[in-house]
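Notes follow once the structure below has been shown.
Residue numbers (our numbering): 183 to 1054.
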């Protein structure tokens, strides 16, 4: 086990054997190594995979002339086998070394194996006195130093080859004593990567054992596994180990790798036509190339429309042997002359691959078998052409054949019509039916599904299709009609109300609703929509007309929508309306290009129009809300400015003094009222003695006028009045109470102009002095009021209880007067002027009058303000 010096330095040991020029080169290399600069000799190799047969006996000694240079040796490389990272590992079975070893190695131009103790791979080519019997050149392996597992690899190309045999001689060329047990293993791998696999048949436990030292030859011959057949790259590795003792050189000589060409197998139809009549046979021929020195088993698959062993004989097994000395074999098939109408049939054989052969260009062949039986004639008719949902009234098709009935006959058909297979009727038809043996016909019965879908009458159409088993007769198609028992759904349209906006477009979206979705399989409900002018007109640019627009409720849906464009403006006008009219459009379709009406080709569902008129209401929105004018303080907003309001007339007091108040009260609708409790929703409209527009309680009006605050009452003067509609529900009455909490000015101001009620409260007449003069009564809660001094002496001293002269009790009088003021409201006859006749608030036909202490419950009216007092 001599120590192996580095790969680079070991080359210096033999530089004296070369010319002076060569020695100079090696000497320079030595100096570089010694000085610490390492020169690496460039390893060269030729690892091209070699085709078979492949031989190498090293007779040409010029193949290796420089260390680590295999470039002139085709298909072989040597490797140092420096597997251990540090140190030297000895006595390892090379069969356990399976990983790749990559350091290329060869010591060139060696002459004496007894003196070369470097180890690795070496080339010996000169006869020496030490080895007179080993003049035959060879390469050799020795484990020593860092050469843990020196080896050579053969690169082979086995494409088209099988039965790969690797043969070589192991030579003991070290003529010294038997100093070591030198094992040699044989390994392989497929491709250029991965671990190697041992071949136990190629293992030699000691290739240098006595007694024939220096002449010992161990021949090796191993057949590679079948997996190495037909491969572009197979690597074969011969490897030894660093053995205990003084390692010996083992030559690898007389390498010979052979193979056998893989047969190429093809198939043809030597006789591709066979027939039942006269037992006319057909013949397949399977042919191989290459050697015929052994039999060859060829596998094949069987297919085609003909049934193996039934339509022809013999029953094929899927494999056949080509005998020794034969390059082909024939397979003959003989059709059975049966009585079945089969039409032309085909027997197909397709070669399948194995490791014993390759497939050629033609791997499949057909033999056609002609039938000699006359096909029957098949037709169809509707035995019962009418079916219906109620009572499960069935319909029946009958498929009939003419000719022999000795065998069953499969008949194919297509399914059509407007009815859905498996949904509108049962059972679900498959498209095929069998006429049994000895029968000339078969019936197909369908039972309608009694569903809740409106479908109208539907059809089931069966059409017989042609096959090789029969000819078509007449008729080939039949129809069964299914009667529906469901009423069609109804369709309605909604109404739409929206504010118009001040400019631009406002979209009115109408919804068309059906009571049920269109029937499955249809294209839906088709409707025609047109608009019609009402108070809103297209001439005034109130909206954009729709002319013959189509709307479709598609299958699976019950609604569809369409839009009408409304034009915004700032014109003060009442709410306006237009109509949209629905028509049944199932007989027409709109062409998108020409917008003309054309016949409709789609499959439609039935429906009826229940409500075909939708109303579009354009709400005039150029309005200021009343509570925005009233504001949260006594003085209103926008005084002196023109504003437009819209609301409900809650008090009609039109007419001159003596008959009215020259105006009327308007209150915001509930939906437009705000949530602020200190802003009034009512206002008084002053329209003079002879109003241009008469109004009534319950009218919705739009009023444009100037905001004023006259004598503490918020008003609209110089008005323009439009009655939008009449008979509206009045705004919700607001509940009020006496006495007020703070003051009448604070507590009643938020209800100015609004409809109010003293709910669940009885009010008493406190003062009737102005009844005859102005038609007014002063009311209070609890009882009639008295002046404070009626019960309180301002000169009393409440502290002592004594009556003295002075005004020490004035505060009590003042407090009582303040309480009286909080508990007072004026009931006004709403006529203005003076000396009303007849007197108000007195029943007809009586001369009685209203007296102090009379009462009224749940007083309801309009909260107003005038002559410094709040009044109803």
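Just so it is clear, CB atoms sit at the ideal spot from N, CA and C, and this is done for glycine as well.
Collapsed DSSP secondary structure at residue i in the structure displayed
i	result
residue 283	coil
residue 325	coil
residue 243	helix
residue 836	coil
residue 1000	helix
residue 745	strand
residue 462	strand
residue 682	coil
residue 277	helix
residue 890	strand
residue 1014	coil
residue 601	coil
residue 508	coil
residue 765	strand
residue 929	helix
residue 478	strand
residue 1024	coil
residue 260	strand
residue 690	strand
Length of the line joining the Cα atoms of residue i and residue j
i	j	result
residue 668	residue 623	35 Å
residue 892	residue 791	58 Å
residue 967	residue 894	26 Å
residue 1046	residue 897	11 Å
residue 915	residue 1004	22 Å
residue 280	residue 503	40 Å
residue 234	residue 445	15 Å
residue 597	residue 590	22 Å
residue 1075	residue 912	Outside the displayed range of the chain (183 to 1054) lies residue 1075, so it cannot be described from this structure.
residue 432	residue 355	6 Å
residue 401	residue 422	16 Å
residue 691	residue 720	18 Å
residue 901	residue 869	6 Å
residue 575	residue 569	5 Å
residue 480	residue 510	11 Å
residue 303	residue 376	23 Å
residue 621	residue 587	6 Å
residue 374	residue 231	10 Å
residue 385	residue 296	25 Å
residue 866	residue 923	25 Å
Which listed residue (the options) has its alpha carbon closest to that of residue i
i	options	result
residue 473	506, 500 and 463	506
residue 407	454, 437 and 343	343
residue 687	745, 738 and 640	745
residue 860	629, 831, 276 and 818	818
residue 491	470, 516, 480 and 471	516
residue 697	460, 793, 661 and 677	793
residue 917	1040, 230 and 788	1040
residue 351	390, 435 and 952	435
residue 414	483, 338, 482 and 285	338
Environment of residue i [buried if 16+ CB atoms lie within 10 Å]
i	result
residue 781	Note that residue 781 has pLDDT 41, beneath the 50 cutoff, so the model's placement of it is unreliable and the number below is only indicative. Classification for residue 781: exposed.
residue 808	buried
residue 753	exposed
residue 864	buried
residue 142	The question about residue 142 has no answer here: the residues shown for the chain are numbered 183 through 1054.
residue 369	buried
residue 831	buried
residue 535	exposed
residue 468	buried
residue 1020	exposed
residue 508	exposed
residue 263	buried
residue 856	exposed
residue 461	exposed
residue 614	exposed
residue 844	buried
CB-CB length for residue i against residue j, believed under 8 Å
i	j	result
residue 827	residue 757	Between residue 757 and residue 827 the Cβ distance is about 14 Å, and since that is not below 8 Å, they are no contact.
residue 439	residue 236	4 Å
residue 658	residue 567	Residue 658 to residue 567, Cβ: 16 Å. No contact.
CB contact below 8 Å: residue i versus chain C
i	result
residue 679	The structure shown has no chain C; it contains just one protein chain.
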